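Peer 1: Residue numbers (this note's numbering), protein chains in the order written: chain A, 1 to 188; chain B, 1001 to 1575. Ideal Cβ positions, reconstructed from N, Cα and C, are used throughout, including at glycine. In this text, all values refer to a predicted model and were calculated from it rather than measured experimentally. One structure, as structure tokens, below. Some questions next.
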Amino acid sequence: MSEGKRNGRRFHTIIALVEDRPGVLNRIASKWRQRGFNIESLAVGHSETPGLSRMTFVVDASHDADQVVKQLDKLVDVVDIRDVSHEDIVAREMALIKVRCDAGNRSHIIEIVDIFRANIIDVSPESVIVEVTGDEGKIDAMFELLKDYGVIEMVRTGRVAMLRGAEASHPVGEGEESYERYPGQETW
Amino acid sequence: MEMTGAEMILECLAREGVEAIFGLPGGANLPLYDTLPKFYPKIRHYLVRHEQGAAHAADAYARVTGRPGVCFATSGPGATNLVTGIANAWMDSVPLVAITGSVIRPLIGRDGFQEADITGITIPITKHNYLVLDVNEIPRVMREAFYIASTGRPGPVLVDIPRDVQQERGQFYWPEKVELRGYRPRIYPDPAEVEKAARLIYESERPLILAGHGVIISQAYYELKELAEKGNIPVITTLLGISGFPPDHPLYMGMPGMHGMHWNNLAISEADLIIGIGMRFDDRVTGRLKDFAPLAKIVHIEVDPAEVGKNVRPAAALVGDARVCLQQLNRLVQHRERPDWFARLDELKREHPSLVYPEDAAQILPQYVIQKIYEVSGGDAYFVTGVGQHQMWAAQFFWSRKPNSFVTSGGLGTMGFEVPAAIGVQIAKPGELVWAICGDGGFQMTMEELGVVAEYDLPIKFAIINNGHHGMVRQWQSLFYRGNLVASPLKNPDFVKIAEAYGILALRATRREEVVPALERALAHQGPVLIDVHVKQDEDCFPMVPPGASLQETIGLPKEYIELVRRRQMAEVGR
Chain A
1 MSEGKRNGRR FHTIIALVED RPGVLNRIAS KWRQRGFNIE SLAVGHSETP GLSRMTFVVD
61 ASHDADQVVK QLDKLVDVVD IRDVSHEDIV AREMALIKVR CDAGNRSHII EIVDIFRANI
121 IDVSPESVIV EVTGDEGKID AMFELLKDYG VIEMVRTGRV AMLRGAEASH PVGEGEESYE
181 RYPGQETW
Chain B
1001 MEMTGAEMIL ECLAREGVEA IFGLPGGANL PLYDTLPKFY PKIRHYLVRH EQGAAHAADA
1061 YARVTGRPGV CFATSGPGAT NLVTGIANAW MDSVPLVAIT GSVIRPLIGR DGFQEADITG
1121 ITIPITKHNY LVLDVNEIPR VMREAFYIAS TGRPGPVLVD IPRDVQQERG QFYWPEKVEL
1181 RGYRPRIYPD PAEVEKAARL IYESERPLIL AGHGVIISQA YYELKELAEK GNIPVITTLL
1241 GISGFPPDHP LYMGMPGMHG MHWNNLAISE ADLIIGIGMR FDDRVTGRLK DFAPLAKIVH
1301 IEVDPAEVGK NVRPAAALVG DARVCLQQLN RLVQHRERPD WFARLDELKR EHPSLVYPED
1361 AAQILPQYVI QKIYEVSGGD AYFVTGVGQH QMWAAQFFWS RKPNSFVTSG GLGTMGFEVP
1421 AAIGVQIAKP GELVWAICGD GGFQMTMEEL GVVAEYDLPI KFAIINNGHH GMVRQWQSLF
1481 YRGNLVASPL KNPDFVKIAE AYGILALRAT RREEVVPALE RALAHQGPVL IDVHVKQDED
1541 CFPMVPPGAS LQETIGLPKE YIELVRRRQM AEVGR
């Protein structure tokens, strides 16, 4: 499940702990762009540590992501980064789907929502908004079923991922001593 | 202590030990310039004529001192003019701190006059950059900028400071320590990898060292020599590794790659172990990557973890400072005789000579001029080059007893680097002899900086290897584009008159007999000198690995040049 497959394509899941500062996203996106990667999804939000955000990237795995991950790790604003594609993770995505409906078919939609353990979070005479959480496959499946009623719009958060078990995804490294170059011999 | 932003910036520079700044004023950095006199003569400012010159001069200053070079520019066009110089420093891992003025805070992002998003523009070509919006942040930002620029794999850092922040008053607080949780350069290699490397070296029958810029950056000259001698391993230096190892050492083999020594390219193809030190297996070194060193295992000593495994897969990877890595490795390395390998290398050198040319040619050959420049300088000078044919010949014939004396634009290949770079070197090394070996094309890209040379009376010796062409372009067009010489011939100005207009002594050599007297006269003259040497226009630079070809496919010197060696060898045998 970890190295995701969608529409026959394979994806990397990469999680990063980054400084919460202006321009950080630009720096990171710039590295992916330089190597010609398309970012499938990107989710950013605060982490458990004030001043640090955690990002989850999903990128196309037909390229070698290892190089970009190393380049990203070099960024001063990136505290830690890790490709968890081959690790035991849980991964979720949330979607809001606005579906056209009326009194006649609303109950059909509610039935689908129940089956998927989703929620209806807004109702109007002509529409409902469905909130669904799960892996990408579940959201895709739900979207397929709701399509027939007329989906007005859909918004997805992109994947967020975390290692299973007690291990921290970004352990606070002991870190090497800070290093200033001391002069060597100027002769050979 | 309360002070203005501009005072803070200069106070930080003084505390970082900065003695020279290269820059050009403008609306957005005038508060900084207004404050400069307070710091004179501790900090001296050198007024360049174009900001690209400021970046290159600071870059070269950093290369020869090992300390970050500093340049100033104003917002908008001033800042964008630095971009080529910043990119050059980025590609060659040179510590550079660029300080740009920015439009006042209320105008940022509103297309203010002379506004350019320079932090956005320089993201891909800096290690890090800052836009300072709070005057109290200046000391921390400046401290971090110098720390980031000079540690780990060095590189440029840009600090953009709006004019109103420079004018604002704030509290100066100097942080004793830099704390960056996302930036921890590696110094010490993994001991297991060091052991593995030592074992691979001992087991190797045909090892070669490929030493790069990292050896010079970490001042590992002594440690490199120790490894070579202790392990009995021949040393090849990349373009930027030149002057990291004594060129007259019996284990020295010269440069590899596109215009490297033919014997090196063949030796690399036969080697069973390549020890890459502070180098990144660049395409100009490896030729077609999949055919690079087909028989060799690789030991990679490199400070930047992202370089390890990028182009080649190492059998042992020592990630850390080159000098520290070599110190640890040298403790374990054992001597081994390799008579067959050294005999084979001698044979390759004999069979594929790479440093000969007809010394009695009717026209002046560029190789001759360059070799004579090294000879008259007695191996005790700094040599700065531009980019192109003259650069490759200067690298091939390099001869100096001074470590870190070859200053050239490697990764970016920036034509015009030579003029401002020579200025940076001369200012860093006031008593020393500095040669700028220039191309006639590149010289015209930055010759406005002769104004700086004249103003500060910098005794640089400029030699223009004038072949009336963009020589390397002409060579490629003649070899790979059916001799279709489009836009490579140059209608040159009279370089002698140009130098004279600046009050610089200028000489010209159009015949071979005139070359050495002109060089000697230049050395005898106290101030700056420019020599315009008219060389053979269509001389090609060989050996050459055609673009996309493997090192095994190196084209050697022309047959008639090789004949010269054969005849000389025969004559010696006959004697």
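For the beta strand (DSSP E) containing B:Y1046, name the first residue and the last one.
Peer 2: Its beta strand (DSSP E) spans residues 1044-1047.
Peer 1: Counting only Cβ-Cβ distances shorter than 9 Å, please list the residues of the region 1115-1130 of chain B near chain A, keeping chain order.
Peer 2: The residues in question are T1119, G1120, I1123, P1124, K1127, H1128, N1129.
Peer 1: Buried or exposed for A:E126, please, with buried defined as at least 16 other CB atoms from any protein chain shown within 10 angstroms of its CB.
Peer 2: With fewer than 16 Cβ atoms within 10 Å of its Cβ, A:E126 is classed as exposed.
Peer 1: Applying a beta-carbon distance threshold of less than 7 Å, which residues of chain B neighbour A:E19?
Peer 2: Residues of chain B passing the Cβ test: G1182.
Peer 1: For A:N26, which residues in chain B fall below 8 Å Cβ to Cβ?
Peer 2: In chain order: G1120, I1123.
Peer 1: For chain B, is any of its Cβ atoms less than 8 Å away from the one on A:V78?
Peer 2: By this cut-off, A:V78 is an interface position.
Peer 1: Mind checking which residues open and close the beta strand (DSSP E) that includes A:R54?
Peer 2: It spans 52-60 - the beta strand (DSSP E) in which A:R54 sits, taken as one unbroken run.
Peer 1: Going by DSSP in three states, A:S2 sits in which element: helix, strand or coil?
Peer 2: Residue placement at A:S2 is flagged as unreliable, the pLDDT there being 42, under the threshold of 50; the coordinate-derived value follows with that caveat. Looking at A:S2 - three-state DSSP - the assignment turns out to be coil, as it is neither helix nor strand.
Peer 1: Taking the beta carbon of B:Y1173 as the centre, do at least 16 other beta carbons fall within 10 Å, making it buried, or is it exposed?
Peer 2: By the neighbour-count rule (16 or more Cβ atoms within 10 Å), B:Y1173 is not buried but exposed.
Peer 1: Name the two residues that bound the continuous alpha helix (DSSP H) containing B:L1131.
Peer 2: Here B:L1131 belongs to no alpha helix (DSSP H); instead the beta strand (DSSP E) covers 1128-1131.
Peer 1: Across the region 1251-1265 of chain B and the region 1514-1524 of chain B, are there enough close Cβ pairs to call them in contact, namely three or more that are closer than 8 Å?
Peer 2: Not touching, per the Cβ criterion.
Peer 1: Taking C-beta pairs closer than 8 Å, name the residues in chain A that B:Q1371 reaches, listed in chain order.
Peer 2: Here the premise fails: no neighbours, minimum Cβ distance about 22 Å.
Peer 1: Any beta carbon from chain A within less than 8 Å of B:G1017's own beta carbon?
Peer 2: Chain A contact via Cβ: absent.
Peer 1: Cutting at 8 Å between CB atoms, please list the residues of its own chain near B:I1086, excluding the five before and the five after it.
Peer 2: These residues qualify, in order along the chain: A1055, L1096, A1098, T1122, I1125, T1126, P1156, L1158.
Peer 1: Should B:L1295 go down as buried or exposed, given a rule of 16 or more other Cβ atoms within 10 Å for buried?
Peer 2: Exposed, because fewer than 16 other Cβ atoms sit within 10 Å of the Cβ of B:L1295.
Peer 1: Suppose you measure from the CA of B:I1275 to the CA of B:A1316; what does that come to, to the nearest Å?
Peer 2: C-alpha separation (whole angstroms): 9 Å.
Peer 1: Give every residue of the same chain whose Cβ lies closer than 6 Å to the Cβ of B:S1409, excluding the five residues on either side of it in the sequence, and list them in chain order.
Peer 2: Within the same chain, B:S1409 has close Cβ partners N1088, V1387, F1417.
Peer 1: Applying the criterion that 16 or more other CB atoms from any shown protein chain within 10 Å of the CB defines a buried residue, is A:P171 buried or exposed?
Peer 2: Per the 10 Å Cβ criterion, exposed.
Peer 1: If the criterion is Cβ atoms closer than 8 Å, does the pair A:R159 and A:S41 meet it?
Peer 2: Yes, these two residues count as a Cβ contact at 8 Å.
Peer 1: Over the uninterrupted beta strand (DSSP E) stretch that includes A:V123, give me the two end residues.
Peer 2: It spans 119-124 - the beta strand (DSSP E) in which A:V123 sits, taken as one unbroken run.
Peer 1: Determine the closest residue to B:A1220 out of B:I1242, B:P1207, B:S1204, B:R1206, with distance taken between C-alpha atoms.
Peer 2: With distances taken between Cα atoms, B:A1220 lies closest to B:I1242.
Peer 1: For the ligand MG, is there a heavy atom less than 7 Å away from the beta-carbon of B:I1121?
Peer 2: With respect to the ligand MG, the structure offers nothing, as it holds no ligand at all.
Peer 1: Look up B:F1397 in the DSSP assignment and give the residues it is bridged to.
Peer 2: DSSP lists no partner for B:F1397.
Peer 1: Do you know how far the Cα of B:E1553 is from the Cα of B:D1291?
Peer 2: Distance between the alpha carbons of B:D1291 and B:E1553 is about 10 Å.
Peer 1: For B:E1563, count the other beta carbons within 10 Å of its own beta carbon; 16 or more makes it buried, fewer makes it exposed. Which is it?
Peer 2: It counts as exposed.
Peer 1: Determine, using beta carbons only, whether A:I15 and A:V78 come nearer to each other than 8 Å.
Peer 2: Not closer than 8 Å, so no.
Peer 1: Output yes or no for whether 8 Å exceeds the beta carbon distance between A:A118 and A:V99.
Peer 2: No, the Cβ-Cβ distance between A:A118 and A:V99 is not below 8 Å.
Peer 1: Quick one: measure Cβ to Cβ for A:A91 and A:A161, integer angstroms, because I've assumed they're closer than 8 Å.
Peer 2: Correct: roughly 4 Å between the Cβ atoms.
Peer 1: List, in order along the chain, the chain B residues whose C-beta lies closer than 8 Å to that of A:T187?
Peer 2: Within chain B, the residues near A:T187 are Y1221, Y1222, P1403.
Peer 1: For A:G36, is the classification buried or exposed, using 16 other Cβ atoms within 10 angstroms of its Cβ as the cut-off for buried?
Peer 2: Classification for A:G36: exposed.
Peer 1: Does the distance from the CB of B:I1148 to the CB of A:V76 come in under 8 Å?
Peer 2: Cβ distance < 8 Å, so B:I1148 and A:V76 count as in contact.
Peer 1: Does DSSP put B:G1577 in a helix, a strand or coil?
Peer 2: What the structure shows of chain B is the stretch from 1001 to 1575, and residue 1577 of chain B is not part of that stretch, so it cannot be assessed.
Peer 1: Apart from the five residues just before and just after B:G1078, which ones in its own chain have a Cβ nearer than 6 Å to its Cβ?
Peer 2: G1026, E1051.
Peer 1: Determine which residues share a DSSP beta bridge with B:L1318 and list them.
Peer 2: The partner list for B:L1318 (beta bridge, DSSP) reads B:I1301.
Peer 1: If we count the other Cβ atoms within 10 Å of its Cβ and call it buried at 16 or more, is B:D1380 buried or exposed?
Peer 2: Exposed, since its Cβ has fewer than 16 Cβ neighbours within 10 Å.
Peer 1: Using a Cβ cut-off of 9 Å, pull out every chain A residue sitting near B:P1225, in sequence order please.
Peer 2: Reading off the sequence, residue 1225 of chain B comes out as Lys, not Pro. Simply W188.
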